[in-house]
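The structure appears below as structure tokens.
Numbering (full-length UniProt numbering), first residue to last: 1 to 550.
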């Protein structure tokens, strides 16, 4: 199938890019054929975010989004930031000590990003964009000069050994003049492009966090529920292992409360389990007061690219562009990435459309120029030191430095600080050996506030065809047992938030078992494995979580 543009990924970046291209096509009376492929069973099925949403990019894409009934109708009503000093205590951080970029007003909304993407998907189809959910782009095609000329979707109906079953259907080759990659954080095709075109040669390593999230339904008369309430936290429980990250608790509409924990994946203690940290976090009295009497109705997890401008690779290459969280456009200072992903996609559309208007041109779209002249670049430039400050100096000292930079320097001089704070150590190299670290003891889940992995994965709606090739590729089968087990007690059995990796005993010998059907597609294993021995690739299209309101 041939198109002018193929977009890989129906998240906020990919859909905004496709929509902007269609809008430019209509304004300039220049027909452009556009296809969006999405590995989730439906648009939104694999979308997970907090989400605190800033409408800046949406205002530009659809100025009349309110009249069009976009699912953005829960403005922030109360904005709080706390530091949890222990499992029982906390201190409220006054506004003047909170970095300005973290302040939220009623111009920001607490939303479901999955539902916003569903709405964007509908708008895309109204603009005659072909949107294909359930199709995973698995490989990239190049021409004789090395330029990208499209992608292939996955074969369907292969058994565990790669042989064709009676239900076999071959993948589809999607040809394009330009291909836009918007897979989200740690996209597997994005990884290939970054390496092939050496896009990250002039930037620092990308840094990631794992975000874990639940949705709770609380009674109509819950005394603590207040639509639009926002609570961000730092400190406990991660401070007990000298790890970085933060927590959030947002009040959606319809008596739903979102609770989550973000764990930076540069953590050093191999005993740390992000999932179990999240479960015990909910027992803090500050958090439990909002959840008691409610019912947990959804669970999910996703990696977050948070290195910011220091870690942003080149985004243009022959035949295409890398956008949104596939590149790493999240603004960690704001703890927001949806509006920046959308703007990245819109800028990509402008760059590609300009190139399409040049007759017989096959030149690389000039994304760099439009990006550096945009508010997106300015925003990322202003917050570029936020994540690296905390990585380098910890939550308290690093947070104080970020506050000084944003609240004092920016206010006095109205421009970005002249200094750069670097973090050049990849996250997977941050892990120490078990002999250097204290063990971590986690309480058993009580079934009321805290839960186990199997029941959590069930709430994610995750489903995979069992009889298919494993999509979690172990490069060297000996490393987990012979190297990682004695050095790190094989950390995959703890850093995975879905229980995919498990050490079992077979004939009195340890063995790594992979429960691929549990996979939430969070990509943590691909990021955190100390030897970079695990590669995540897409399973059959349509497999994975089925998030409804995340």
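The C-beta atom is built at its ideal place from N, Cα and C for all residues, glycine as well.
Which value, in whole angstroms, describes the spacing of the CA atoms of residue i and residue j?
i, j, result
"residue 126", "residue 477", "48 Å"
"residue 470", "residue 515", "9 Å"
"residue 131", "residue 419", "44 Å"
"residue 490", "residue 481", "7 Å"
"residue 512", "residue 275", "20 Å"
"residue 92", "residue 99", "14 Å"
"residue 187", "residue 221", "43 Å"
"residue 284", "residue 80", "16 Å"
"residue 408", "residue 317", "38 Å"
"residue 21", "residue 349", "5 Å"
"residue 402", "residue 333", "8 Å"
"residue 335", "residue 151", "32 Å"
"residue 206", "residue 312", "7 Å"
"residue 142", "residue 10", "23 Å"
"residue 46", "residue 38", "9 Å"
"residue 71", "residue 12", "13 Å"
"residue 195", "residue 493", "28 Å"
"residue 273", "residue 485", "16 Å"
"residue 26", "residue 268", "52 Å"
"residue 176", "residue 6", "6 Å"
"residue 522", "residue 105", "30 Å"
"residue 244", "residue 17", "33 Å"
"residue 149", "residue 32", "16 Å"
"residue 249", "residue 226", "11 Å"
"residue 364", "residue 115", "33 Å"
Need the endpoints of the beta strand (DSSP E) that residue i sits in, please.
i, result
"residue 137", "137 to 142"
"residue 159", "No beta strand (DSSP E) contains residue 159, which DSSP labels as neither H nor E."
"residue 297", "295 to 305"
"residue 4", "2 to 8"
"residue 165", "164 to 169"
"residue 153", "148 to 153"
"residue 481", "First-last for residue 481: undefined, no H or E at that position."
"residue 432", "No beta strand (DSSP E) contains residue 432, which DSSP labels as neither H nor E."
Just list the residues that DSSP pairs residue i with in beta bridges.
i, result
"residue 79", "230"
"residue 311", "The partner list for residue 311 (beta bridge, DSSP) is empty, contrary to what the question assumes."
"residue 256", "217"
"residue 133", "38"
"residue 346", "The partner list for residue 346 (beta bridge, DSSP) is empty, contrary to what the question assumes."
"residue 438", "Looking at the DSSP assignment, residue 438 forms no beta bridge with any residue, so it has no partner."
"residue 463", "544"
"residue 91", "83"
"residue 52", "110"
"residue 249", "231 and 259"
"residue 100", "Answer is none; residue 100 lacks a bridge partner."
"residue 505", "510"
"residue 173", "152"
Classify residue i: buried if its beta carbon has 16 or more other beta carbons within 10 angstroms, exposed otherwise.
i, result
"residue 550", "buried"
"residue 378", "exposed"
"residue 562", "With the chain represented from 1 up to 550, any question about residue 562 goes unanswered, as that position is not in the structure."
"residue 30", "exposed"
"residue 357", "exposed"
"residue 146", "exposed"
"residue 551", "Only positions 1 to 550 of the chain appear in the structure, and residue 551 is not among them; the question remains open."
"residue 242", "exposed"
"residue 375", "exposed"
"residue 309", "buried"
"residue 19", "buried"
Determine the extent of the alpha helix (DSSP H) in which residue i is found, giving its start and end residues.
i, result
"residue 47", "It is not in any alpha helix (DSSP H) - residue 47 carries neither H nor E in the DSSP assignment."
| task | Just list the alpha helix (DSSP H) runs in the stretch 181 to 214, keeping only unbroken ones of 4 residues or longer that don't cross its boundaries, in chain order. | result | 188 to 196, all fully within the stretch 181 to 214.
Next on the checklist: What ranges does the alpha helix (DSSP H) occupy inside the stretch 353 to 388, keeping only unbroken runs of at least 4 residues that lie completely in it?
Outcome noted: Correct list: 367 to 372 and 375 to 382.
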